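Novice: Residue numbers (the numbering used here), protein chains in the order written: chain L, 7 to 328; chain S, 25 to 268. C-beta: ideal position from N, C-alpha, C; glycine also. Nothing here was measured: the structure is a model prediction, and the numbers come from that model.
Pasting the structure below:
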């Protein structure tokens, strides 16, 4: 019995969402009295991997090969399945993402393991193995029991707030080799386009978002200025991405990206229920809208009735004055 | 080309969610059910591909007789025939197993569905099906073009996208803007009534079960700040909300 955390690397470092997954694994390992092993696939410096110890990793398995440079869902899943078998893992943990979800899904089939995503708290072990997960896009929760020997959990952002250990607990990392089905490499990533230098929305703690109230793509500067001053990531509503005012990956809502930042600032967004579904896991919501009757105010913690083009520069100035 | 499109039947996205029997049963009363919004994108693209290069689109649903209006709608949109596996879709593994069973017999080039259902949001069925069938799976796919035996796709990743190429057969979890949602026309609605809908029995087990539901805590009152004094919000976010 042990825990295995599937971590993702970005530029050779463990992603913040994966740090949360390692921390979750460490807390669960304490409850179960077992080890919290970590699997990292791709290029990474051993110093960076050793930092997994700060979040409670027992040991790091590192699968590094030129073939794994581009994320490959089938290959990564084969490696995860092999690592789970070799370490005798009974719980596999990952942070919800566009890579981890399809990878763990395939591993669930390979191991015939019960898989539950959007987990928001540590499991209840008093009667079997029961986790709380978010359902209906954040509108409700379901207590879900997993009956298989091997369990796979996808952790939602902010399920637990990781506290990095201060004693710089460095862990060893050992290289891990797995036989990957050659068919996996018949599928190829031909190009990756990624916005540089910004924190991706699912990982962002601060988000500034614009809706149709911004009146057009040429009027986005006040949002960009505030986001820049805060170090926040920018987002938008569905109409805005449908109109091509902003790129699709910025669309938050029921059919877009679901986010869980500490702070969400909505500018000129009325707050349709489909939009709220994508942002209702935010800790604090600020709404700026000219219409005092905008439904979004009912879901907000702070509200300003006013013109975004008047209010946003004031906020930016106040942030810069800090 | 033979395409299998898997659809879910879910409450309309504007639905107010509630539970009964001491929060152990999801309350369907008064709710409007629709084709899963992401599944609807997959269906629309499948019908477009059929219109471009021929072939068939079969729609598959794992559900009780209550889901037949959504299946008929999918037929009205342009699917040729339908299969309903007569069972409650109790968990991801169970649903995936039903899809894999049908797919093994049908020899499909593409198995398409939404990236996730909007009720339980798991987003893993396509991956489980892919592994069960031993073929590649990709999600969330936002662009799909087929050239002979080769699929060219764009997959959304955090903060961007990646372009991919793979050979058929494939399992795909889809999302916008892969296609525009299609609205059935009168002719489609008429012909849908006579298109074949085969009901088959399920096999296999669920690996997870839900014991209880709960609602998020109610949100407190919204604190209003005068627009003239907007800058004071930043101070409140630091000292009161402690998020800056």
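Alpha carbons only, please: which of 63/L, 56/L, 293/L, 30/L is nearest the one belonging to residue 44/L?
Specialist: 63/L
Novice: Name the two residues that bound the continuous alpha helix (DSSP H) containing residue 96/S.
Specialist: 92–101
Novice: According to the neighbour-count rule (16 or more other Cβ atoms, all chains shown, within 10 Å of its Cβ), is residue 269/L buried or exposed?
Specialist: buried
Novice: For a cutoff of 8 Å on Cβ pairs, would you count residue 167/L as touching chain S?
Specialist: no
Novice: By the three-class DSSP mapping on this structure, what secondary structure does residue 274/L have?
Specialist: coil
Novice: Measuring straight from C-alpha to C-alpha, what distance separates residue 139/L and residue 244/S?
Specialist: 23 Å
Novice: Counting C-beta neighbours from all protein chains within 10 Å, is the total for residue 80/L 16 or more, i.e. buried, or is it exposed?
Specialist: buried
Novice: Quick one: what's got a C-beta closer than 6 Å to residue 317/L's C-beta in the same chain, skipping five residues either side?
Specialist: 294, 310
Novice: In terms of residue numbering, what span does the alpha helix (DSSP H) encompassing residue 148/L cover?
Specialist: It is not in any alpha helix (DSSP H) - residue 148/L instead sits in the beta strand (DSSP E) that spans 146–152.
Novice: Look up residue 244/S in the DSSP assignment and say whether it is helix, strand or coil.
Specialist: Coil, per DSSP.
Novice: What are the boundary residues of the alpha helix (DSSP H) that residue 54/L is part of?
Specialist: Note, residue 54/L: alpha helix (DSSP H), 52–56.
Novice: Looking at C-alpha atoms only, which residue of 124/L, 98/L, 31/L is the closest neighbour of residue 113/L?
Specialist: 98/L
Novice: Listing by chain order, which chain L residues have their CB less than 7 Å from the CB of residue 239/S?
Specialist: 146
Novice: Can you grab the Cα-Cα spacing for the pair residue 198/L / residue 187/S, in whole Å?
Specialist: 6 Å
Novice: Would you mind giving the Cβ-Cβ distance between residue 124/L and residue 145/S, rounded to the nearest angstrom? I have them listed as a contact below 8 Å.
Specialist: At roughly 6 Å, the Cβ-Cβ gap stays under 8 Å, so residue 124/L and residue 145/S are in contact.
Novice: Quick check: the Cα distance between residue 119/S and residue 107/S, rounded to an integer number of angstroms?
Specialist: 13 Å
Novice: Going by DSSP, what residue range makes up the alpha helix (DSSP H) through residue 30/L?
Specialist: From DSSP, the alpha helix (DSSP H) with residue 30/L extends over 22–38.
Novice: Give the residues from the segment 104–129 of chain S that approach chain L closer than 8 Å (Cβ to any Cβ), ordered along the chain.
Specialist: 115, 116, 117, 120
Novice: Kindly indicate which residue of 92/S, 102/S, 184/S has the alpha-carbon position closest to the one of residue 32/S.
Specialist: 92/S
Novice: Identify which residue in 76/S, 47/S, 34/S has its Cα closest to the Cα of residue 56/S.
Specialist: 34/S
Novice: State the Cα-Cα distance for the pair residue 333/L and residue 101/S, rounded to the nearest angstrom.
Specialist: Nothing in the structure corresponds to residue 333/L, since chain L is present only between 7 and 328.
Novice: Let me see if you follow: with CB-CB separation under 8 Å, is residue 207/L close to chain S or not?
Specialist: yes
Novice: Does DSSP classify residue 194/L as helix, strand or coil?
Specialist: strand
Novice: Alpha carbon to alpha carbon, what distance is there between residue 202/L and residue 255/L?
Specialist: In a straight line, the C-alpha of residue 255/L is about 13 Å away from that of residue 202/L.
Novice: Taking a Cβ distance cut-off of 8 Å, strictly less, list which residues of the segment 300–311 of chain L are near chain S, in chain order.
Specialist: 303, 304, 305, 306, 307, 308, 309, 310, 311
Novice: Should residue 285/L be flagged as near chain S, meaning a C-beta pair shorter than 8 Å?
Specialist: Output row for residue 285/L: interface = no.
Novice: In the segment 59–91 of chain S, which residue ranges form an unbroken alpha helix (DSSP H) of at least 4 residues, counting only runs that do not cross its ends?
Specialist: 61–77
Novice: Quick one: grab the DSSP three-state call for residue 228/L.
Specialist: Taken through DSSP and simplified to helix, strand or coil, residue 228/L comes out as helix.
Novice: Identify each residue in the segment 186–202 of chain S for which the Cβ-Cβ distance to at least one residue of chain L is less than 9 Å, and report them in chain order.
Specialist: Using a CB distance below 9 Å, the part of the segment 186–202 of chain S facing chain L consists of 186, 187, 188, 189, 190, 191, 194, 197, 199, 200, 201, ordered along the chain.
Novice: For residue 112/L, decide whether its Cβ has a neighbour in chain S, counting only Cβ atoms nearer than 8 Å.
Specialist: yes
Novice: Give the range of the beta strand (DSSP E) segment to which residue 43/L is assigned.
Specialist: 42–47
Novice: Does any C-beta atom of chain S lie closer than 8 Å to the C-beta of residue 268/L?
Specialist: yes
Novice: Terminal residues of the continuous alpha helix (DSSP H) containing residue 172/S?
Specialist: Unbroken run through residue 172/S: none, as it is neither H nor E.
Novice: Exposed or buried, which one is residue 137/S when buried takes at least 16 other CB atoms within 10 Å?
Specialist: Buried, because 16 or more other Cβ atoms sit within 10 Å of the Cβ of residue 137/S.
Novice: Shortest alpha-carbon distance to residue 38/S belongs to which of 165/L, 143/L, 27/L, 105/L?
Specialist: Ranking 165/L, 143/L, 27/L, 105/L by Cα distance to residue 38/S puts 143/L first.
Novice: Taking the alpha carbon of residue 216/S as the reference point, which residue from 74/S, 72/S, 97/S has its own alpha carbon closest?
Specialist: 97/S
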